[in-house]
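Here the working numbering is used: the first residue of the sequence shown is 1, the next is one more, and so on. Glycine included, each C-beta is placed from N, C-alpha and C at the ideal position. What follows is a single structure, written as structure tokens, with notes after it.
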Amino acid sequence: MSDNPVWSYSAVLMGSPVLLKLFSPNPALASRVFSLIKKYEDLFTVNRTPSQVMDINLAAGRHPVHVSRPVYELIKCARDASVWPNSTFNLAIGPLVKLWRIGFQGDRVPAASDIAARLRITRPQDVVLDDVAGTVFLAQPGMEIDLGAIAKGFIADRVRDDLHQQGVSEALINLGGNVQTLGTPHGAWTIGVKKPFAGADALVGTIDVVNKSVVTSGTYERYFEQDGKRWHHILDPRTGYPLENELDSVAVISSDSLDGDIWTTLLFGMGVEQGCAALRQREDIDAIFVTKNRDIILSSQRQFRFTQTDDSYRVTDCTA
Ligand code: ADP
Ligand code: MG
């Protein structure tokens, strides 16, 4: 399809492979982008100190913590999405994430009593924000903010903005499943939709987008097996257990990768029927659902074109 060669630069950041694609060789720009990602990772991480989010968590139940603008804004946005009616997104899910340890050493199904105890300290309403002071206070001891579901989206958007400022008009950044694109090389960027629980390179189809983000979240990304069941890393804040429904994965197509990140988690909680209904109210968000029954359901397709590459799946849309 393309005559122009693509230059790819890669790194491992935020525990994920990071890929930057450019249309001219520019290692200095690649280093700049990777440093920017590292700078934000150091603000948001909850897996080591020091970080501003760790400072907030360590002061839980004791005192408010003043944080920098990007940290405050991201937490505010995450809190808003967490308190929407029936939201399955929850920025205060930290104590449960730490209890399950999914994707880390020692993952196993926790005792029901431990889950119940942690559920009591995951209320997003107990994340108290002060716009004027620029502080965040976790009202209950033991509370922990976890931005793992949205930090990559926020950072992908900042990389896009920085590339624009640097005069780059065509590029792609992939932050371990969060893809953000600039421009229209040869018509569109083509992004693969992974086949769940298959080889790393197996796809069910491809998505063509222009100036859009594509965020994929799947139960196959991080999970462990116990008692003949798969336990994956997207937790239901209402029960404390992994979200259970007909879905294997959701891809969200939107302008901002931050919205894509929030909506993959929301749609995971809603499932296909409710998800399709919710997307009818949101012209700016599109999605592709992939189910355990090998159905692929497309929303309005305003912002993407889908091409099926695996005919063991059946493709329908939200109106079917
Ligand atoms: P990935 O890391 O594969 O991109 P996601 O973007 O779906 O996955 O984010 C999953 C991470 O988000 C988990 O590892 C955990 O840190 C956090 N998390 C899990 N459940 C929730 C939830 N219901 N709301 C917000 N964050 C969550
Ligand atoms: Mg996410």
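If you look at Gln125, you'll find it isn't in any beta strand (DSSP E); DSSP assigns it neither H nor E. Secondary structure at Gly192: strand, using DSSP grouped into helix, strand and coil. The DSSP-derived three-state label of Glu144 is coil. Taking 8 Å as the upper bound for CB-CB distance, Leu258 and Phe154 are in contact here, some 5 Å apart. Judged by DSSP secondary structure, Gly218 falls within the beta strand (DSSP E) whose first and last residues are Ser213 to Gly218.
When rounded, the separation of the alpha-carbon atoms in Asn26 and Asn293 is 44 Å. Within the chosen limit of 7 Å, the ligand ADP reaches the beta carbon of Leu91 through at least one heavy atom. In this structure, the ligand ADP has a non-hydrogen atom nearer than 7 Å to the beta-carbon of Glu221.
For Ile115, the Cβ stays outside the 7 Å cut-off from all heavy atoms of the ligand ADP. The alpha-carbon of Leu36 is positioned some 7 Å away from that of Val159. Judged by the Cβ position, His233 qualifies as a neighbour of the ligand ADP at the 7 Å threshold, a heavy atom of the ligand being closer than this.
Checking the DSSP bridge columns, you'll see Ser8 partnered with Lys21. Counting along the chain, Arg314 sits inside the beta strand (DSSP E) bounded by residues Arg314 to Asp317.
Bounds of any beta strand (DSSP E) do not take in Val168, whose DSSP letter is neither H nor E. Where Gly205 is concerned, the enclosing beta strand (DSSP E) starts and stops at Leu203 to Val209. With a cutoff of 8 Å on beta-carbon distance, Leu243 and Thr88 are scored as near each other. In the three-state reduction of the DSSP assignment, Pro110 falls in the coil class, being assigned neither a helical nor a strand state.
The continuous beta strand (DSSP E) containing Leu138 extends over residues Thr135 to Leu138. For the stretch 274 to 310, the full-length beta strand (DSSP E) segments reaching 3 residues or more read 286 to 291, 295 to 298 and 305 to 308 along the chain. Taking non-hydrogen atoms of the ligand ADP into account, the C-beta of Gly187 is found less than 7 Å away from none of them. Proximity of the beta carbon of Asp259 to the ligand ADP is not indicated: no heavy atom of the ligand is located closer than 7 Å. Going by beta carbons, Lys195 and Asp295 fall outside the 8 Å limit.
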